[in-house]
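Going by the working numbering, the first residue of the sequence shown is number 55, and it counts up by one from there.
Even glycine gets a Cβ: it sits at the ideal position worked out from N, Cα and C.
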Amino acid sequence: MPQYDTSLRELVAKWFGLSDTPHLRITRLHCPGVDCGCVRAELTTSARPLAIVFFRHQAGCWRLFPPSRVRRQ
Numbered sequence: 055m056p057q058y059d060t061s062l063r064e065l066v067a068k069w070f071g072l073s074d075t076p077h078l079r080i081t082r083l084h085c086p087g088v089d090c091g092c093v094r095a096e097l098t099t100s101a102r103p104l105a106i107v108f109f110r111h112q113a114g115c116w117r118l119f120p121p122s123r124v125r126r127q
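Listed below in structure tokens is the structure:
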């Protein structure tokens, strides 16, 4: 069952954990073709950086995949 109220904070905590927050950088991106917005979360560690792009959907939730395009008739 999908969750429609997933916040960006919840997803960041799920994928990066709460203990690594000081080393986390959030950057707002302009993604062509995505009207609802997207952000890049990057965790810098001693080994190597890890980045994930999150997309905001029209319902207000955040996901790892972009929203589907609405076709105009």
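Provide the residue(s) that pair with residue i in DSSP beta bridges, ordered along the chain.
{"i": "PHE119", "result": "Note: PHE119 sits in no beta bridge, so no partner."}
{"i": "ARG102", "result": "In the DSSP output, where bridge partners are listed per residue, ARG102 has none listed."}
{"i": "ALA95", "result": "ILE80 and ILE106"}
Evaluate residue i with the Cβ neighbour count: other Cβ atoms within 10 Å of its Cβ, from every protein chain shown; 16 or more gives buried, anything less gives exposed.
{"i": "TRP116", "result": "buried"}
Note down, in chain order, each residue of its chain lying with its Cβ closer than 6 Å to the Cβ of residue i, except the 5 sequence neighbours on either side.
{"i": "THR98", "result": "HIS77"}
{"i": "MET55", "result": "Confidence at MET55 is low in this model, with a pLDDT of 39, below 50, so its placement is unreliable and no value can be given for it."}
{"i": "LEU104", "result": "LEU97"}
Tell me which same chain residues have a C-beta within less than 7 Å of the C-beta of residue i, skipping the five on either side of it?
{"i": "ALA67", "result": "none"}
Measuring CA to CA, which of the options is closest to residue i?
{"i": "ARG110", "options": "ARG102, PRO103 and PRO120", "result": "PRO120"}
{"i": "GLY71", "options": "ALA95, GLY114, ARG82 and GLN112", "result": "ALA95"}
Can you check the region 59 to 93 for any beta strand (DSSP E) of at least 3 residues that lies completely inside it and give the ranges in chain order? 78 to 83
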